[in-house]
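For what it's worth, the numbering used here labels the leading residue of the sequence shown as 827, then goes sequentially. Step one of this worksheet: look at the structure below.
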Amino acid sequence: MPTRRDFIRYLSVAAALPTLGAGRMPAPRPSPTALRFEALHHAVDAHHHLPRGYRAQVLLRWGDRLFGADTPFSAKSLDPATQARSFGYNNDFIAYFPYPPGSASSTHGLLCVNHEYTHPHLMWPGLDRGALDGDMDAQRTAVELAAIGHSVVEIRFIDGAWQVVPGAFNRRLTAQSGVDITGPAAGHSRLRTSEDPTGTHVAGILNPCGGGKTPWGTVLIAEENFHVAFSGETRDAREARNHARYGVGGRRGYPWWGRYHSRYRLDREVHEANRYGWVVELDPYAPAAAPRKLTALGRFKHEAADCVLAADGRVVVYSGDDAPFEYLYRFVSRRRYRADQPAANRALLDDGELAVARFHADGSLEWVALRHGHGPLTAANGFADQGDILIETRRAADLLGATRLDRPEDVETNPLDGCVYAMLTNNTARTAATADAANPRAHNRYGHILRLLPPGAPGTSVDHAADEFEWSVFALMGNPDEPAQGATYPGSTAGGGWLANPDNCAFDPAGRLWIATDQGANWRATGYADGLWAWGQDGARGAVFKRFFRAPVGAEVCGPEFTPDGRTLFLAVQHPGADGLPGTGYDNPATRWPDFDPDLPPRPAVLAIRRDDGGSIGD
Ligand code: FEO
Ligand code: CA
Ligand code: CA
Ligand code: CA
């Protein structure tokens, strides 16, 4: 039942939103399809939790063999060759592609999963998380490089459960798999290295976080925190400035990688770091096809790559740059998508215009093109050509006066009405002096969500390629019972409905928004574990946020991905036992999820969640 406080809270949201920018916009309304599950409350423990009537199958864990013949996983004997044939570490983005291609099968498909990074202190015994360098030898480094990247896994739903098929589609990409470079910056002098004098072929993918799916059946893999691979200092003044803008250099991250692979040393390879921070396109249905880094989409810490069609058929990709005070970008293809021309569609993301968002306090949003020769993007400012702009996307956006946001994470478009939602996860460095309409809170510890309306949205003919949108604050996260937090939601958050640090999100086939969180160590402050929430209607209560999933302690929740029938939800539980747990590790983890075997550490894993009666998730 809605309480009086819920009602007042709802009114306060409605009253607050126009002052937060966008009085002309229609108020956000959840999908009319009801959310019928019994919501979970806030808590934290070593296990995962689901509403009554739901079950989770552990489908893929770090180390699970993908090609059949290998011996089973043993944490006591990690070797790089076996790791390269096994499911990787820290599963993040998930994409489900029905099989056969072009079908809508919800019982047979290819699951594409990103493996973002490694946690050595949970992979090997006896390591001190704060002082790893001395323990990371060449063999362990090679395991790490084989454990990140991407997995393509064929799966079938048989006799009430999903099964991994060790078939010909299964594939692992690692930090050492060959990837082509395409688009306007391919071959650029600043992408050439001693290993690749052509600037067109790079060894591997680094820190793939979120992603997206194209209408032509390929997966987009977003390289995010690539800076962690690189150590040392560059002697080239121009590249030193460029690297500094991306946080590349010094001894952050994984400095031992440079001991065994000189390409990660900035004093040896001044351009190698420029070859990461791109969106990578991969065709999961073509196991022999090379993945491609798409330079037309710009270089930054891509959280994800939300791909939609504009009303005229041009292809649009929204992508946030996940760091404090960074930007939201949009790519629009020059040519149109044609369902009857699959070969031509493969080149759509190589030719188009990248733009960056300027949010205005009157509720309008301007997409400002990153186009060579226009405005400040000229040789006088160090941009000799479009390739320079794409390699130094952040600096180009700085010069264009784009809006500095509170860590843009995932972006998703409601497939039913074209409204676009951007998750901003937090930014505690925001001050009252730097707060603005789109980032209204100083010391933004809990994050917020912006809602973007292209012309025609909400509706069925939406112009995602337009130069101007409208926007509003959708929700300010945090606990609404603590007024100092300034949280507001378009709906009741009674029970476990309020959330912090939105990260990944997805729409289900009924158009309901599902939001996964990554609090990092912030769960110590909220007092509860990360999870998955849904925004929808709940009978007489009206609009509600409901908690659907609770992760084991120290994990973030990634992925959310539904089968086309909405009856299976794939969720990625990343780094169980890691965040906010100093003094724990392989030997004394805070959880041994999902195996709870005393001989095994916790393992990142993908869950396949179903209703006991086989019905649609959330109904
Ligand atoms: Fe890899 Fe922004 O999360
Ligand atoms: Ca993320
Ligand atoms: Ca998503
Ligand atoms: Ca994250």
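Note that the Cβ used here is the ideal one computed from N, Cα and C, for glycine as well.
query, result
"Starting from the Cα of Pro992, find the closest Cα among Asp959, Leu937, Gly1037, Gly1304 and give me that residue.", "Leu937"
"Confirm the yes/no value for this check: CB of Phe1388, any heavy atom of ligand 3, distance under 8 angstroms.", "no"
"Measure how close the beta-carbons of Thr1389 and Tyr922 come, nearest whole angstrom, since I'm counting them as under 8 angstroms.", "6 angstroms"
"Could you spell out where the alpha helix (DSSP H) holding Trp1349 opens and where it closes?", "1349 to 1352"
"Cβ of Glu1050 versus every heavy atom of ligand 1: is any distance shorter than 8 angstroms?", "yes"
"Candidates Glu1095, Asn1171, Arg1156, Arg998: which alpha carbon is nearest Asn940's?", "Arg998"
"Using the Cα positions of Tyr1153 and Val1182, report the straight-line distance between them to the nearest angstrom.", "7 angstroms"
"Please tell me whether, using a cut-off of 8 angstroms, the distance from the CB of Glu1382 to the nearest non-hydrogen atom of ligand 4 is below it.", "yes"
"Assign His947 to buried or exposed, taking buried as 16 or more other Cβ atoms, counted over all protein chains shown, within 10 Å of its Cβ.", "buried"
"Rounded to whole angstroms, what's the CA-CA distance from Asp1364 to Gly1285? Just pull it up for me.", "23 angstroms"
"Taking contact to mean 3 or more Cβ pairs, one atom from each stretch, closer than 8 angstroms, check whether the segment 1060 to 1080 and the segment 1155 to 1172 are in contact.", "no"
"Give a yes or no on contact between the segment 1125 to 1136 and the segment 1042 to 1060, applying the rule of three or more CB pairs nearer than 8 angstroms.", "yes"
"Skipping 5 residues on each side, what residues in its chain have a beta carbon closer than 6 angstroms to that of Ala1003?", "A quick correction: the sequence has Ser, not Ala, at residue 1003. Excluding positions up to five away in sequence, the list reads Gly1030."
"Is His1128 closer than 9 angstroms to Cys1035 when the C-beta atoms are compared?", "yes"
"In three-state terms, what does DSSP make of Asn917?", "strand"
"Please list the terminal residues of the continuous beta strand (DSSP E) segment that includes Tyr1247.", "1246 to 1250"
"Relative to ligand 4, is the shortest distance from any of its heavy atoms to the C-beta of Glu1235 smaller than 8 angstroms?", "yes"
"Would DSSP call Tyr1155 helix, strand or coil?", "strand"
"Given a threshold of 16 other Cβ atoms within 10 Å of its Cβ, counted over all protein chains shown, does Glu942 qualify as buried or as exposed?", "buried"
"What is the DSSP secondary structure of Asn1240, counted as helix, strand or coil?", "coil"
"Could you give the DSSP three-state label for Trp1042: helix, strand or coil?", "coil"
"What's the C-alpha gap between Ala1063 and Val1096?", "10 angstroms"
"Just mark Lys902 as buried or exposed, buried being the case when its beta carbon has 16 or more other beta carbons within 10 Å.", "exposed"
"Measuring only the C-alpha atoms, how far is Gly847 from Trp1193?", "Here Gly847 scores only 46 on pLDDT, less than 50, and its place in the model is too uncertain to base an answer on."
"Measuring only the C-alpha atoms, how far is Ile979 from Pro1386?", "Before going on, a small fix: residue 979 reads as Val here, not Ile. C-alpha separation (whole angstroms): 17 angstroms."
"Can you list the beta strand (DSSP E) stretches of 3 or more residues lying completely in the segment 1123 to 1150, in chain order?", "1132 to 1135, 1140 to 1146"
"Express the C-alpha separation of Arg1373 and Gly1440 in angstroms, rounding to a whole number.", "20 angstroms"
"What is the DSSP secondary structure of Tyr922, counted as helix, strand or coil?", "strand"
"Assuming Asn783 contacts Glu1218 under a Cβ cut-off of 8 angstroms, what Cβ separation, rounded to an integer in Å, is found between them?", "As displayed, the chain neither begins before 827 nor continues past 1445, which places residue 783 out of reach and without an answer."
"Hey, would you say the C-beta of Cys1331 is under 8 angstroms away from at least one heavy atom of ligand 4?", "no"
"For Ser932 versus Asp1391, is the C-beta distance shorter than 9 angstroms?", "yes"
"In whole angstroms, what separates the C-alpha of Lys1119 from that of Asn1033?", "14 angstroms"
"Could you tell me which residues DSSP puts in a beta bridge with Gln883?", "Ala1434"
"Less than 9 angstroms between the beta carbons of Val1330 and Cys1245, yes or no?", "The question names Val, but residue 1330 in the sequence shown is Asn. No; because the gap between Cβ atoms is not below 9 angstroms, this pair is not in contact."
"Where does Gly1084 sit, in a helix, a strand or coil, going by DSSP?", "helix"
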